[in-house]
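Structure below.
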């Protein structure tokens, strides 16, 4: 009896343990049914694709993508973790395994068929028309997208098989080999496409205007090919990474093709391959284009050297011609003509050198013309200086080495350009004055004339002898070696001041002797006055103070206040 009860109790415990699994398996039945339905539809589309075009083809692709997305969600829910797998019954697990194995076989067959179709399209391509080439590349890009989607699905299928316990080692090896072969093909296609674009760019630089559109369309077609292959190579590299395959050389190709910097750039193998690739390209370019570039560089240097020599020679000839000319040109104008000739010859030499370098000079000059209009508006002040510089050169108010008062500055003119003048002051300061400030102000040329008058004033006391003082001043002035006899000096009593009788002394001298005479006469006349007892009075006044007392000024006693 006890034994019977014990057996019944064990059966109850076992039943209670199996109840959750049975309930869970029953709850997952609709998902398994949906998975089977999706599998049936997906297999039908993969193994027996419907021949369609236009919108119908697009709808089929969207439908297949929708089915794949639904299956991925279902698989993630069913195979998420060990608890999810434990909830599956043995029959449900076998169903999933059968589905995955059938899909693996179907996708492998579909990959072979799609790859064969792509290879046939490539081998049958004979068109040279750029528009048809662009259309063909668009179709090939769509086929590449289908192939990429199939490869991605195959990778997911392998991962799902791993989760349900199926052996995938052989599938992984086969799939890895296929991906490596595909990555190699894409790498070659990228190199080929880049070479084609380089050749088309070279043809475009020498093509007629009527051929430009055809070449642009062909370039767009190959650029589309590069973009499509870059996307495919990026996906292939990601799949190979999941399979544990070394992808450094493909990452190097991808970075070199796209130019985008990713975290792969920090991979030692990738960066070493990139450096090797760039070094190889640099060396190849140096061997291919180096001699031609070196020859052009030497030719450009020779052209510039010849034109520089010609410009300097022309400058000297212009200066010599203007110096010997009877036109009486100013030194500033002579230097201006020489500078203009020098710059024109050098500009012509630069244009010739640019032409030898392969640069189109015509469009460049047109661009300078358009830029000149914009720059003219932006640099109105500078152009005003330029115009003022031309006016100064034409009207010649002063010349180099003249002492002037212009633009609020006094000094000797050292240099004049079309925008400013360089003036050195008497105390040896160098000041740059804009030409418009000079031209808009009063210009005083102190040294423009060969002869100048020295204006001096000497005062004597009212008690001194005027005739004697005049004779003393006249003797000192006429005795000075730099005072000119013609015009004769003017010595007159000009003013009866508050404290002195003033003599105006006006001798004439050569301009270069002005200050020597000014200082010498001032000193010598003072000494002569002292010697002759003639006083030079200082300003003084006699102040007389008168003081008278009046009754109004008497102090008054104020009344006391309480």
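In mature numbering (1 follows the signal peptide of the UniProt record, and there is no 0), the protein residues as written are -24 to -1, 1 to 538. Built from N, CA and C at the ideal position, the CB exists for glycine as well. None of these values were measured; they are calculated from a predicted model.
Would you tell me roughly how many angstroms separate the C-alpha atoms of residue i and residue j, rounded to the nearest one?
| i | j | result |
| --- | --- | --- |
| residue -1 | residue 108 | Residue confidence for residue -1 is low, a pLDDT of 47 falling below 50, so the modelled location carries little weight and cannot support an answer. |
| residue 157 | residue 144 | 20 Å |
| residue 190 | residue 106 | 6 Å |
| residue 184 | residue 52 | 60 Å |
| residue 121 | residue 94 | 11 Å |
| residue 318 | residue 287 | 5 Å |
| residue 336 | residue 408 | 39 Å |
| residue 305 | residue 315 | 15 Å |
| residue 493 | residue 361 | 38 Å |
| residue 441 | residue 450 | 14 Å |
| residue 436 | residue 497 | 16 Å |
| residue 298 | residue 292 | 10 Å |
| residue 56 | residue 134 | 15 Å |
| residue 285 | residue 275 | 15 Å |
| residue 80 | residue 161 | 24 Å |
| residue 320 | residue 332 | 19 Å |
| residue 48 | residue 78 | 16 Å |
| residue 72 | residue 39 | 22 Å |
| residue 126 | residue 54 | 22 Å |
| residue 117 | residue 163 | 16 Å |
| residue -3 | residue 11 | In this predicted model, residue -3 has a pLDDT of only 39, less than 50, meaning its place in the structure is not dependable; the value taken from the coordinates is given anyway. Distance between the alpha carbons of residue -3 and residue 11 is about 19 Å. |
| residue 264 | residue 178 | 15 Å |
| residue 376 | residue 358 | 22 Å |
| residue 76 | residue 119 | 24 Å |
| residue 192 | residue 271 | 32 Å |
| residue 469 | residue 403 | 35 Å |
| residue 424 | residue 371 | 13 Å |
| residue 197 | residue 87 | 25 Å |
| residue 159 | residue 182 | 35 Å |
| residue 296 | residue 419 | 29 Å |
| residue 388 | residue 378 | 5 Å |
| residue 147 | residue 61 | 23 Å |
| residue 268 | residue 255 | 20 Å |
Relative to the C-alpha of residue i, which residue among the options is closest?
| i | options | result |
| --- | --- | --- |
| residue 490 | 511, 460, 508 | 460 |
| residue 283 | 258, 274, 293, 322 | 322 |
| residue 463 | 443, 478, 485 | 485 |
| residue 69 | 9, 292, 519, 364 | 9 |
| residue 150 | 422, 399, 85, 211 | 85 |
| residue 453 | 472, 499, 138 | 499 |
| residue 115 | 101, 128, 126 | 101 |
| residue 415 | 12, 255, 173, 381 | 381 |
| residue 393 | 456, 412, 46, 387 | 412 |
| residue 508 | 386, 92, 444 | 444 |
| residue 43 | 13, 64, 63, 61 | 13 |
| residue 170 | 396, 194, 159, 186 | 194 |
| residue 364 | 410, 255, 227, 387 | 410 |
| residue 141 | 82, 173, 510, 66 | 66 |
| residue 231 | 221, 215, 202 | 202 |
Contact defined as beta carbons within less than 8 Å: I believe residue i pairs with residue j. What is the distance between those atoms, to the nearest angstrom?
| i | j | result |
| --- | --- | --- |
| residue 434 | residue 481 | 6 Å |
| residue 309 | residue 369 | 5 Å |
| residue 223 | residue 206 | Going by Cβ atoms, the distance from residue 223 to residue 206 rounds to 15 Å, so no, they are not a contact pair. |
| residue 113 | residue 200 | 5 Å |
| residue 273 | residue 229 | Not a contact, Cβ separation roughly 33 Å. |
| residue 152 | residue 258 | The Cβ separation is near 34 Å, so there is no contact. |
| residue 334 | residue 279 | About 14 Å separates the two Cβ atoms, so there is no contact after all. |
| residue 90 | residue 123 | 5 Å |
| residue 391 | residue 398 | 4 Å |
| residue 438 | residue 477 | 6 Å |
| residue 510 | residue 448 | 7 Å |
| residue 83 | residue 129 | 6 Å |
May I ask which residues mark the beginning and end of the alpha helix (DSSP H) holding residue i?
| i | result |
| --- | --- |
| residue 451 | 442 to 455 |
| residue 81 | 66 to 99 |
| residue 151 | 145 to 182 |
| residue 504 | 490 to 508 |
| residue 142 | Here residue 142 belongs to no alpha helix (DSSP H), and DSSP marks it neither H nor E. |
| residue 211 | 185 to 218 |
| residue 311 | 307 to 332 |
Where do the ends of the beta strand (DSSP E) carrying residue i lie?
| i | result |
| --- | --- |
| residue 114 | Element bounds for residue 114: not the beta strand (DSSP E) but the alpha helix (DSSP H), 106 to 139. |
| residue 549 | With the chain covering only -24 through 538, there is no way to say anything about residue 549. |
| residue 390 | 385 to 392 |
| residue 435 | 432 to 436 |
| residue 472 | 466 to 472 |
| residue 397 | 396 to 400 |
| residue 232 | Where residue 232 is concerned, there is no enclosing beta strand (DSSP E), although the alpha helix (DSSP H) it sits in stretches over 224 to 234. |
| residue 381 | 379 to 382 |
Stretch pair the segment 498 to 513 + the segment 419 to 431: three plus CB contacts closer than 8 Å: no
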